[in-house]
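Residue numbers (the numbering used here), protein chains in the order written: chain A, -17 to 481; chain B, 1309 to 1405; chain C, 24 to 191; chain D, 21 to 506; chain E, 539 to 642; chain F, 297 to 615; chain G, 98 to 188. Just so it is clear, CB atoms sit at the ideal spot from N, CA and C, and this is done for glycine as well. Single-structure report; data block below.
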Amino acid sequence: MNWHAWIPLFVVVSSLLPGLIIFGLPEERVGWRTLLNLTGAVIKLLLVSWMIWGVYQGDHFETRLALLPDLDLVLRAGPLSLFFVALSTILWLVTTVYAIGYLEGSPNRSRFFGFFSLCVTATVGVALAGNLITFLLFYELLTLATYPLIVHRGTDTARRAGQTYLRYTIFGGALILLGTVWLYQLTGTLEFTPRGFLSQIDPQHYPALKIIFALLIAGLGVKAALFPLHGWLPQAMVAPAPVSALLHAVAVVKAGAFGIVRVIYDVFGVEFSADLGVTTPLAWIAAFTIIYGSLRALFQDDLKRRLAFSTVSQVSYIALGVAIAGPIATIGGVVHLVHQGLMKITLFFCAGNLAETLGIHKVSEMNGVGRRMPWTMAAFTIGALGMIGAPPVAGFISKWYLGVGALEAGQDWVLLVLMGSSLLNCAYFLPILYSAWFKPTPKSWPEEHHFGRQETAWALLLPPLITALMALAAGLLTGLPFSPLEWAKIIAEREFYQP
Amino acid sequence: MIDFFSMLFLLAGALFFLAGTVGLLRFPDLYTRLHALTKADNVGLGLMITGLALQAESLSVAGKLVLIWGLVLLAGASVAYLIARGALLRGVLPWKR
Amino acid sequence: MSWIKGIIPMFMKVLVFALVWWVMTNGALQSWLIGGGAIVLATLAAKKPATHFTIRYFKLVMLIPFFLKQSILGGVDVARRALQPSMPIDPILVECPLRLPPGSPQVFMTNMVSLLPGTLSATLENNRLKMHVLDQQSSYMKDYLLLEEKVAELFSVPVQNTGAGELL
Amino acid sequence: MGDLLTDAHWGVLLILLPLFGGLCSFLWPSAVKFIGLATVSAVALSVVGLGDQLLATGVYHHAVGGWGAPLGIDLYADGLSLFMLMVTALVGLGVSIYALDYFDQDEARRFWPLWLLLLGGLNALFLSADIFNLYVTLEIVGLAGVGLASLSGGGAALDGAMRYLMATLLGSLCYLLGVALLYHSAGTVDIPLLAERLESTPPVWAALGLICAGLALKTALFPLHFWLPKAHASASAPVSALLSALVVKASFYIFLRLWLEIFSVRTEGVDDLLGALGMAAIIWGSLQALQQTRLKLMIAYSTVSQVGYLFLVFPLAAIGTFSAWSAVAYLVLSHALAKSAMFLVAGNLMHFGGHDRIADLDRAVQRLPITVGAFALAGVSIMGLPPSGGFIGKWLLLNEALNQGRWDLVFVMMIGGVLAAAYIFKVLGFAFTQAPVTHEPKGVPAVMEWSALLLAVAAIVVGFLASPLMLILGIGETVELMGAGQ
Amino acid sequence: MNSPMIYALLGITLFSVGLYGLIVREHLLRKILALNIMGSGIFLMLVALGKRSAGELPDPVPHAMVITGIVVAVSATALALTLMLKLVEASGSAVLHDAPKDRS
Amino acid sequence: MEALDFALGLFDILLVFLVLSLAWLVMSSEDLFRAIVLFVAFGLLMALVWVRLEAPDIALAEAAIGAGLTGALMMAALDRLSSVKPIQKVAASAQRKQLSLSSKVLPLIALVLIVLGLGYALLSLPEIADGLTPNVKENMAQSGVKNPVTAVLLNFRGYDTLLEMVVLLLALLSVWSLGGERKLSPRSTNPILGSLCRVLVPVLILVSCYLLWVGADAPGGAFQAGSVLGAAGVLLLLSGWHVEQKYLLWPLRFILILGSGVFIIMAAVLLLIQGGLLTYPVAQAGWMILLLESAATLSIGATLAALFLGGVPKSRVDQ
Amino acid sequence: MQMLYISLALFLLANLAVGMWRVLRGPGVADRMLAAQLFGTTAVAILLLLAEAAKSNALRDVALVFALLAAVTAVAFVKRAWSMPEARDID
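Here is the structure:
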């Protein structure tokens, strides 16, 4: 038996199966649930490591199942896939730990963790998808699995947020479906291929291809929160903090951004897209979204809302990076996939900790919180600095490569965008840091819980610390063989320099 | 000869049918119309059947014709009674000159 | 000897049904295979009336000419009235006592009355027969009484002389 | 043994078994459940047998009475027939299991004979190669449907059943008149012979119009759908499931069969009309579904819209490719599974809370996770989201529409999918609220919950079985006919 | 035009008259009557056209179809009538109302 | 000969005119009872039409059903309708006002168009067409009967008839599934009605058997026989017929399914022996068909009578 | 003779057509029913005439069935349909 043909499937199943079992578990079987969750996450991590090691050595991992007579369900582990899979797998483990701590004692946890696992399954599927239809399949599954998480609290705002989310994503899904079918119609294949599979196509189809591109990007842009399709994201922050972390860093937003990368690299091909003239508009939209998101973030008092708008802005770096269509900018965009994930998840964990421990939801309530919860705020600070792009945190690397890449591609205006955005980042993050660390502590917190001698529960404290450290490491240890930057370089090389 | 008689019977029968219909149309109330129906039509049918029976190819065919007539007669008389009774019970008053 | 009394009407029924069958099938021989069963079924279905009367079959045959004559007269009578432009009718509802016992004799009488010239039986209740008469000037009562006697003879029952005088 | 299995008359068994079962269950009311389940299982096994036989021998052909067409009636099974028989057996089995616990003894006595005879009628319908025989089977299906629809009693059910009766009788009559015209044009009622003999003459056109109108009425194609929502919504849950999943499809199958074999080459213009009506059905049905305040009415209107998808095939198939036909067959399958699951879910919710007002469903929805799971999975298929049977069908259809540049169809399909999502999530949203409204909960038997879930899961799973199912669909001559229009 | 054809034309006219009645008349009993008339029209057409054969006998196949058809029609009529009565008992009206009525 | 044809032609035209105007009057009558009586008359004339079309088999069926049973059914329905709602007329006239001009005129135009269209289609059919007559003739010798219609019904297209028996049963099952028991009406105290039934019922049974027998060679057969038997049942029900409850349970059900049951069993047996559904051995075809027809007659009669009753029958005398 | 049969049949049919006026006019339900009974008897006569013209035994059977079933309809009328007050349908 050829194991290599099944590993990608096992990776998907390793979270699907625990998820399905968890649905069936009674509410009070906490131990079993935790065990299943963690086992699944660990197994997935091991399998992914195996694949990373294998791919590094040139092995080929591909699961192929017949879906339609001429169309297969393909799960394939390429460098780009593994990049995203690794991110989700690691962050899933961390987030699971966090969620266990966060939701202790709250109702409907079986349902929550079930959908949580499904969500990760879908994300991993999106990452491993070897053709557009498989991608679409998991992309829609992701929509369905996330919805219950967003409305988990069941309040009216939650339901409204869920409905908004659905309205956006179902619509986006329809666009992708249309683009996919059309593309299939024109080419007869949907297989992801480095440098795209469209360059041989008859030029008479170019107008159609442009529309297809627009359809696909618009559909993906919904999840990637590209302006003007970002409206659902700020509303969705009503969800519990682990969900926000998942949405913003691991699953939904990332799936959208990842999809954009996929479409430009492996469907159209960067060069072909540039020839087609579709990348520049995308770059403009991405740039606008970056500025717009930052500006909106500036005026939010609600911490999670501010972070949400920050995501709108930050995720567009990825789109911008690939849209610039140069190798170095590509590295910057792709690597930001991981970097933004690490930083943003840290920030949301911290926000969650503040809310859980002290009942703080607003920026204006954060005076002196650094002294009450130093570890949390330390992690938050690392994340925030990374977002601003301050070295040595990971965000700096992304921005650096983006800037250099833009110059290399002759798109100097991007530098202006980067600078403007960084300034705005400073404007909405630095005041928080200032008041947290330097303003006096108020007499009482809105709703304080005590957790013995620690500032908060271990399960809540450890995850942000770990992710913050990882964000730091990703910025510092860029030269190591398996660092995000190295992988991003491999991906970019594959796209630009291989024959 | 037989043809002549049966023709006679048939024509007479038709005449009674006509009379029955005229009666049904002209008579002023339900009861008088019942008279027309039970008597004129039944006699008309009887005469016709006689005329046809004369032409019948076998005795059994004639017998079948008579059987039909008998049934129509019985049904006609019984139904006339039932309808008249029903009308009386429901208070339908007879027409008076 | 009473069982013979029960057998005879049954036998007559079978005979009548056999006749009907023969008439219908034009005497086809094979048809009797089913015909036998059919006659049995029909005989079973022909329920006995509540009170039994012995019918004099000879009288029944003798009744036919009378009946034919009367019904033709009745037909002629009504046809004449219907076709005449002046439409000479003068209807009335009369009620007569029936001097026959309840059951078949009364039923037979009632049905026959409807075929007599100018009369139509309308309600049979408590041994009284309500008739609708087309022309009160006609001699319907004579026919009625004659028929009554003939029916009584047919069923071999006496004409009970109860209040017959009140009409005449 | 192998010979015995492949030589057996599975097709005939498929007809006689349920009819006989129906009679037995009528005669022995105390054993209806046992007889019923045994019969339905035997039918399912026979379908497997027939499938095995067809895979080995191609088509099944049986001249009833040994006479053969044109004098006698022929039974005929190819891939399409087998496919429909399979759908029937699958849904039938699921609903039968559900019905075991749904009906009390008295209702069961009335339900099972009707259902088994309906099953026999459906099987006979899918196996017939004779348009007059099809008329008779349509009558069986129609009358059984009416009987079933009125089973639950009460004004609404009777009203629905009455509408259904009127519609189905009118549909049958139109169809019959068409059959009469065809018979007198070609001197036969055998489908293959008709296909040989018919020419494009006024009577044939009239027959086409009448048959299409009659069958469209029975299939509830917009704007002839007026009877469906009330009939399907007011029946008891298993009955609604059967009506929506199978009965509506039966007349559509005849439509498809006649179109493929008799009318395909003679129909410029009609196909576009059907397509336009299909599009209108999708939009209208979905919008109506969205506005309903009752769950069952919503599901029923959803059927109206889903039927619209089936009719999109006709303009596409004018050019005639296998994928258009297989798309519609796939849609039939997945809709049958998903819609039956949905109606069963509605039955569970009503059993639990005693009503089906969507606005007050929250508590029930939360207390019955398996049921709601079934609804969600069925919904995925109805919405046409991957991975599900509905998605595959929609994908194939979209593919074909784009292939022929039919942007109108593409557009409507997209809108339809989005609207479907809207009405399905209107219900699903309640799964996550903290309900202030309380119901008097009545426990829902596990059998009822799980059978609904199984059907819904099947609607998803068929999304992964496209290749084998296409193989089945491709058995026999229909394939050639499907591709022959090219 | 020969007499079978006249009857065939009568058949389709009956069908249409029935259809008209079915659509226009609201009382269910009349709708049921209309369906019966439509059926008769179809049967008539089916049989009348069967008389076009060159031989001395008319085509027996439509005859057989119509005989079963008549029996089925009467049974369907009986069902429709019973259903109508039940409906009238339940709703008090022998007319199908289209106005949305919330009967819970 | 010419004059004869002319007279027949006149007869046809008058008949067509009558049938058509009756149909129209049925549809346009405001009074329900009038519509029903007109419908009965319509059935009567239809029987004459069948005679004119040389279809005596159908004429028999129509005479029993169209002119007899359907009328009885409708009248019984009207009776129960008015017992539920005594003032039908008011409702009817109220609806009359709602009907706007367009809702009447448009269908009327549609009607004319349909007639014209279908008429054109009919007229463009070939003048002479044999249909299946030659095929039937050719195979009559193997059919086991001499009446071609019976041969088609029970042999050539016997499978259709099997299914039609199921349809009949289904109609009854559906009626019964509507719920509600119908008590048999009490014995009529009217002596005239009683004696009428005493005579008519046996005759109806005889006629039914006769039609069953004659169907093999001449017009007649199970459906006609069953209808006449059903009429006997209706008459018995009308005059009050005491049947003990125990007979109304499974003996009645047994008779009801007898027709379709024997058909199915016969089909299965023939499948096993002859290897075909309803493939009769030529020599045995005659009695097999007679057996099927006898069973069918009983079932049809019982079903029609039960349909007339309109509910699960229940004996009047209960414990 | 053929000619006579057919002409008489035609005459009876015309007769029947005239009788339809009573069905339409009423005024009572029973009056309409009476007319229907007349139709039945007339139809029996027409059938017998046609039967004789065609020497067809089958048509006599039809007439026989007619004669029987007309009675059944009438009984159904008396027992069932006639339960409403007579004044109900005066046009």
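For C/Lys173, the CB contacts under 7 Å within the same chain, skipping 5 residues up- and downstream, are Leu86, Phe89 in chain order. Annotation: F/His538 is outside any beta strand (DSSP E) and is labelled neither H nor E by DSSP. For F/Asn443, the secondary structure class from DSSP, reduced to helix, strand or coil, is coil. Setting aside the 5 residues that flank it on each side, D/Pro133 is surrounded in the same chain by Gly42, Ser45, Phe46, each with a C-beta closer than 6 Å to its C-beta; the list follows chain order. Closer than 8 Å to the CB of F/Phe329 there is at least one CB belonging to chain G. Taking 8 Å as the threshold, the shortest C-beta distance from G/Gly123 to chain B does not fall below it.
Taking a 10 Å sphere around the C-beta of D/Trp427, we find fewer than 16 other C-beta atoms and assign the residue as exposed.
Taking 8 Å as the threshold, the shortest C-beta distance from F/Val462 to chain D falls below it.
A distance below 6 Å between beta-carbons, with the five flanking residues on each side excluded, links D/Gly399 to the following residues of its chain, in chain order: Ile444.
F/Leu468 is positioned such that its CB atom lies closer than 8 Å to that of F/Leu552.
In the structure shown, the three-state DSSP call for A/Gln436 is strand. Under the Cβ distance rule, G/Ala151 does not count among the residues neighbouring chain B, no pair being separated by less than 8 Å. For A/Arg149, the enclosing alpha helix (DSSP H) starts and ends at 138 to 169. At a cut-off of 8 Å between C-beta atoms, B/Ala1327 does not count as an interface residue with respect to chain G. One Cα belongs to F/Arg348, the other to F/Asp308, and the distance between them is close to 8 Å. Between the segment 301 to 314 of chain D and the segment 431 to 438 of chain D, the count of Cβ pairs shorter than 8 Å is three or higher; the stretches touch.
Closer than 8 Å to the CB of F/Trp472 there is at least one CB belonging to chain D.
Cα atoms of E/Leu557 and E/Asp597: separation of roughly 27 Å, rounded to the nearest angstrom. At a cut-off of 8 Å, the C-beta of B/Gly1354 has no neighbouring C-beta in chain G. Listed along chain B are Leu1332, each with a C-beta nearer than 8 Å to that of G/Ala132. Under the 10 Å beta carbon count, D/Gly374 is surrounded by fewer than 16 other beta carbons and is classified as exposed.
Contacts with chain B (Cβ-Cβ distance below 8 Å) from the segment 131 to 145 of chain C involve Thr133, Asn134, Met135, Ser137, Leu138, Pro140, Gly141, Leu143, Ser144, Ala145, listed in chain order. Excluding residues up to 5 positions away in sequence, Leu124, Ala127, Thr128, Leu131, Leu228, Ala233 lie with their Cβ nearer than 7 Å to the Cβ of A/Cys101 in the same chain. With respect to chain E, the C-beta atom of F/Ile553 has no partner C-beta closer than 8 Å. Taking each of D/Asp94, D/Ser116, D/His82 in turn and checking the Cα distance to D/Ala64, the smallest one comes out for D/Ser116. Cβ neighbours of F/Gly555 within its own chain (closer than 6 Å, five residues either side excluded): Met461, Ala591, Ala592, Ser595.
No Cβ-Cβ contact shorter than 8 Å links G/Arg129 with G/Val141. At a cut-off of 8 Å between beta carbons, D/Thr59 makes no contact with chain F. Sixteen is the threshold: when 16 or more other Cβ atoms of the shown chains lie within 10 Å of the Cβ of G/Thr170, as they do, the residue is buried.
Counting along the chain, the unbroken alpha helix (DSSP H) around A/Pro356 starts and ends at 356 to 370. Close to B/Leu1379, with beta-carbon spacing below 9 Å, are these residues of chain F in chain order: Val495, Leu496, Val499. Taking D/His245 as the centre and dropping the five residues before and after it, the same chain places the C-beta of Val324 closer than 6 Å to its C-beta, in chain order. Legend: CB atoms of the segment 203 to 224 of chain D lying less than 8 Å from CB atoms of chain E belong to residues Tyr203, His204. Rounded to the nearest whole angstrom, the C-alpha separation of A/Ile300 and A/Gln167 is 29 Å.
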